[in-house]
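Have a look at the structure below before the remarks.
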Amino acid sequence: MASKELLERDEIGFGLLQSILFEEDGESINENGSVMDGEYEDEENCDEDEAAKSEDGEKNSTAEKTKDPVTERKNKKKSQAVFKRLKNVMSRISNPFGFNTEFEVDVKVALNASNVKARRGKTSNAKPNDAETAQVESDKPMLPEATTIKNMQTHIKDLMIIARGCFNEYIKLKTQMGKLSETEGQLATVKNENERLKDELLEMQKQRQNSSSSAAEQTEAYRKEINRLDSELRAAEANLFKMQKADKDHRDALNEANKALETLTCQHDKLKSEIEKKEEIHKLEVNKLNESLHVKETEKTELRTHVQEIQQELQTALLQCNELKEERTKLQQKISDLQILNFNIKANYEASNAKVVDLQRAIHVLESSSSTTTTLQGRGDGYNCPLCAGHFDSLANLQLHAEDCGGL
Numbered sequence: 001m002a003s004k005e006l007l008e009r010d011e012i013g014f015g016l017l018q019s020i021l022f023e024e025d026g027e028s029i030n031e032n033g034s035v036m037d038g039e040y041e042d043e044e045n046c047d048e049d050e051a052a053k054s055e056d057g058e059k060n061s062t063a064e065k066t067k068d069p070v071t072e073r074k075n076k077k078k079s080q081a082v083f084k085r086l087k088n089v090m091s092r093i094s095n096p097f098g099f100n101t102e103f104e105v106d107v108k109v110a111l112n113a114s115n116v117k118a119r120r121g122k123t124s125n126a127k128p129n130d131a132e133t134a135q136v137e138s139d140k141p142m143l144p145e146a147t148t149i150k151n152m153q154t155h156i157k158d159l160m161i162i163a164r165g166c167f168n169e170y171i172k173l174k175t176q177m178g179k180l181s182e183t184e185g186q187l188a189t190v191k192n193e194n195e196r197l198k199d200e201l202l203e204m205q206k207q208r209q210n211s212s213s214s215a216a217e218q219t220e221a222y223r224k225e226i227n228r229l230d231s232e233l234r235a236a237e238a239n240l241f242k243m244q245k246a247d248k249d250h251r252d253a254l255n256e257a258n259k260a261l262e263t264l265t266c267q268h269d270k271l272k273s274e275i276e277k278k279e280e281i282h283k284l285e286v287n288k289l290n291e292s293l294h295v296k297e298t299e300k301t302e303l304r305t306h307v308q309e310i311q312q313e314l315q316t317a318l319l320q321c322n323e324l325k326e327e328r329t330k331l332q333q334k335i336s337d338l339q340i341l342n343f344n345i346k347a348n349y350e351a352s353n354a355k356v357v358d359l360q361r362a363i364h365v366l367e368s369s370s371s372t373t374t375t376l377q378g379r380g381d382g383y384n385c386p387l388c389a390g391h392f393d394s395l396a397n398l399q400l401h402a403e404d405c406g407g408l
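Following the UniProt record's numbering, the numbering of the sequence shown begins with 1 at its first residue and continues without gaps.
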């Protein structure tokens, strides 16, 4: 995949950059950022020993300009190798994705200038024999090569700073590529799933060659599924781009939210002071309301006791009323019974009066006819009551009976 190729490319560049910046076989970076080679230092020490041995024979500047062709070739080869490695690293850092971009750094000139300075340093370490040579060296004007050497040294320092910055950017890029590798892993699983579905489709086509219609429908369904998965893959790529954009938007929104938070904290402090004042006022009002509520509750309890007493009295009154109603119904029943009895008595009284009148009439009739019938009745069996047909021996008994007889 593209991301794996980019990671391999960046790892190669990272290894080259480490080999240049942190090489253990002689190269090291000093505090100022200039490159120092251990082999160059050894050669300088050897040249210093040779220069110390040949102090007596060398008296002018012609000895300072002597050059060893073997060491020059070695230094030239080393500078070319370092130049190639730096150029490769700079090309990989400046073009990590493999695009055609121009990034030209004049490293070769800088390294050549540093080698010239090193060679001049070898001869300059030789001690003069007398004060005249020292005076001649001090009176020499600075060559234009020395100025170029200084410029190249500053240029090398700047390049080393740029290399460190590129190294840090490489680490950040590597972390981002790790995240992209995770998404690529997910894409790989989706593609593997697509391949698996394709294999299953081929197997189903082999198994169902006889039923062409159903196989065609199933292949169409699998094609739709593959298209759906491809669309989901494209959507996932689009979502990844959107997520990156949303992350940037979220950061901007977070900064704005922090500013808004500061303003809200100021407003919060002001509102807090106002709320504390209002709370004190509310506490006083609540205390007053609690006192009034306590008074109302005492009045309410008194009213409840009074209401309970009234309810008890009402219940007793209702019981008495019910008892009176029962007595009233009983009295009404008695009155109705008495009325019926009175009516019966009146009826009996009227009947008895009528019977008495009839008896009186009968007695009167009997008295009027007693003189004529006394002899006949005396001879007979006695007297019969006209009302109840009772038999009596004498007329006196019949009269007594007539007073009490009611037709019973």
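All C-beta atoms in this analysis are idealised placements derived from N, C-alpha and C, irrespective of residue type, glycine included. Note that the structure is a prediction, hence the values are computed from the model and not measured.
Just to confirm the assignment, what range does the alpha helix (DSSP H) spanning residue i have?
i, result
"residue 393", "No alpha helix (DSSP H) holds residue 393; DSSP gives it neither H nor E."
Just to check my reading of the structure: residue i and residue j have Cβ atoms closer than 8 Å, yes? What is that Cβ distance to the nearest angstrom?
i, j, result
"residue 183", "residue 240", "6 Å"
"residue 366", "residue 395", "7 Å"
"residue 229", "residue 194", "5 Å"
"residue 385", "residue 400", "11 Å between Cβ atoms; not a contact."
Using only the heavy atoms of the ligand MN, determine whether one of them is closer than 7 Å to the beta carbon of residue i.
i, result
"residue 256", "Within the structure as shown, the ligand MN is missing, as the structure has no ligands at all."
Mapping DSSP to helix, strand and coil, what is residue i?
i, result
"residue 400", "helix"
"residue 378", "Model confidence at residue 378 stands at a pLDDT of 44, short of 50, so the residue's coordinates are unreliable; what they give is reported in the following sentence. Correct three-state label for residue 378: helix."
"residue 48", "Caution is warranted here: a pLDDT of 47 is assigned to residue 48, below 50, making its placement in the model unreliable, and no coordinate value can be reported."
"residue 34", "Any answer about residue 34 is weak, because its pLDDT of 38 lies below 50 and its placement is not dependable; what the coordinates show is given next. Coil at residue 34, not helix or strand."
- Query: Touch check for the segment 166-174 and the segment 212-227: three-plus C-beta pairs under 8 Å?
  - Reply: no
query: Can you give, in chain order, each stretch of the beta strand (DSSP E) that sits fully within the segment 234-284 and has at least 3 residues?
result: none
Is the segment 270-286 in contact with the segment 222-235, if contact means three or more CB pairs nearer than 8 Å?
no
Worksheet item: Does the pairing of the segment 185-192 with the segment 226-237 give three or more beta-carbon distances under 8 Å?
Response: yes
Check: Are three or more beta carbon pairs between the segment 388-406 and the segment 351-365 nearer than 8 Å?
Finding: Yes, they touch.
* Let me know the alpha helix (DSSP H) ranges lying completely inside the segment 141-211, each 4 residues or longer, listed in chain order. => 144-207
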